[in-house]
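Residue numbers (my numbering), protein chains in the order written: chain A, 618 to 729; chain B, 21 to 134.
Glycine included, every Cβ here is placed at the ideal spot set by N, Cα and C.
Bear in mind that the values here come from a model prediction, so they are computed numbers and not experimental data.
Single-structure report; data block below.
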Amino acid sequence: GENVEQHPSTLSVQEGDSAVIKCTYSDSASNYFPWYKQELGKRPQLIIDIRSNVGEKKDQRIAVTLNKTAKHFSLHITETQPEDSAVYFCAAWMDSSYKLIFGSGTRLLVRP
Amino acid sequence: NAGVTQTPKFQVLKTGQSMTLQCAQDMNHNSMYWYRQDPGMGLRLIYYSASEGTTDKGEVPNGYNVSRLNKREFSLRLESAAPSQTSVYFCASSEGTSGSGEQFFGPGTRLTVL
């Protein structure tokens, strides 16, 4: 069935270090992969997204890479700051079933 | 612009009671969605509406009904609440009818069913 697996579930890094979160998806027809950040008690907000015709996308300290053959995509945050501490969700858009399937989330803690 | 708004923010129900969660967006978006968020399980789609006048089931539709009242409003109804429906409910909207674009979320409704 349609599935998005996300790892790790928790990640603790020192301020200034990099953080990497990985996701795999099951449906080879998926063509849109957004990443959402959710601060405690707040709503999810889009931070970056990538479409299947692109292998990498960057926005300042955030980058996403996509490997369609292996069906996995990753979020990279460089020079982490305490305000990056939040839960991050990956998702994959299933065109065949018209659904955005979310991963289970990664709780990122950036230690000052 | 207020974006996506939801009411109420918090609600406590007894098992068997009914209620309607309201959602409205002022961005002239075509698609609207209802998700539930449970600890450790991410966001799961309950129902969606790709355009005014259409609704379809998501991953976890059992126990829920929806109404796309007009382009702005999309409500979620629990006819007979159960403890398993204790969750945080998020409404979202996106511009296109294809759905593969940024979704804007409301602030959420925290529902407890006793």
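Check: Chain A within 8 angstroms of residue 70 (chain B), Cβ atoms only; Outcome: yes
Check: For residue 51 (chain B), the residue or residues it bridges with in DSSP; Outcome: B:114
Check: Which listed residue (A:697, A:709 and A:723) has its alpha carbon closest to that of residue 646 (chain A); Outcome: A:709
Check: Cβ contact check for the region 85-96 of chain B and the region 716-723 of chain A: 3 or more pairs under 8 angstroms; Outcome: no
Check: Residue 723 (chain A) burial status per 10 Å Cβ neighbour count (16 or more: buried); Outcome: buried
Check: Neighbouring residues, chain B, relative to residue 625 (chain A) (Cβ below 8 angstroms); Outcome: Simply none; closest approach about 13 angstroms.
Check: Nearest neighbour of residue 39 (chain B), chosen from B:46, B:45 and B:30 [CA to CA]; Outcome: B:30
Check: Exposure of residue 704 (chain A), with buried meaning 16 or more beta-carbon neighbours within 10 Å; Outcome: buried
Check: Cβ pair count under 8 angstroms reaching 3, the region 682-691 of chain A against the region 43-58 of chain B; Outcome: no
Check: Close Cβ partners of residue 97 (chain B) (< 6 angstroms) along its chain, the five nearest in sequence each way excluded; Outcome: 40 and 85
Check: Continuous beta strand (DSSP E) assignments of at least 3 residues falling wholly in the region 619-693 of chain A; Outcome: 621-624, 627-631, 636-642, 649-655, 662-668, 673-676 and 679-684
Check: Straight-line gap, residue 674 (chain A) to residue 63 (chain B) (C-alpha atoms, nearest Å); Outcome: 24 angstroms
Check: Contact list for the region 662-690 of chain A against chain B, Cβ threshold 9 angstroms; Outcome: 662, 663, 666 and 668
Check: Same chain, Cβ closer than 7 angstroms to residue 699 (chain A), five either side skipped, listed in chain order; Outcome: 632, 727 and 729
Check: Straight-line gap, residue 35 (chain B) to residue 107 (chain B) (C-alpha atoms, nearest Å); Outcome: 14 angstroms
Check: Residue 40 (chain B), enclosing beta strand (DSSP E) - first and last residue; Outcome: 39-45
Check: Chain B contact for residue 645 (chain A) (CB, 8 angstroms cutoff); Outcome: no
Check: Helix, strand or coil at residue 701 (chain A) according to DSSP, with G and I counted as helix; Outcome: helix
Check: Proximity below 8 angstroms, CB of residue 678 (chain A) to CB of residue 694 (chain A); Outcome: yes
Check: Cβ-heavy atom distance, residue 718 (chain A) to the ligand HEM, below 7 angstroms; Outcome: Absence of the ligand HEM from the depicted structure is noted, as is the absence of any ligand whatsoever, leaving it without description.
Check: Contacts that residue 61 (chain B) makes with chain A (C-beta to C-beta distance below 7 angstroms); Outcome: 721
Check: Where residue 65 (chain B) meets chain A, residues with beta-carbon distance less than 9 angstroms; Outcome: 716, 717, 718 and 719
Check: Chain B contact for residue 651 (chain A) (CB, 8 angstroms cutoff); Outcome: yes
Check: Residue interval of the beta strand (DSSP E) (run including residue 727 (chain A)); Outcome: 723-728
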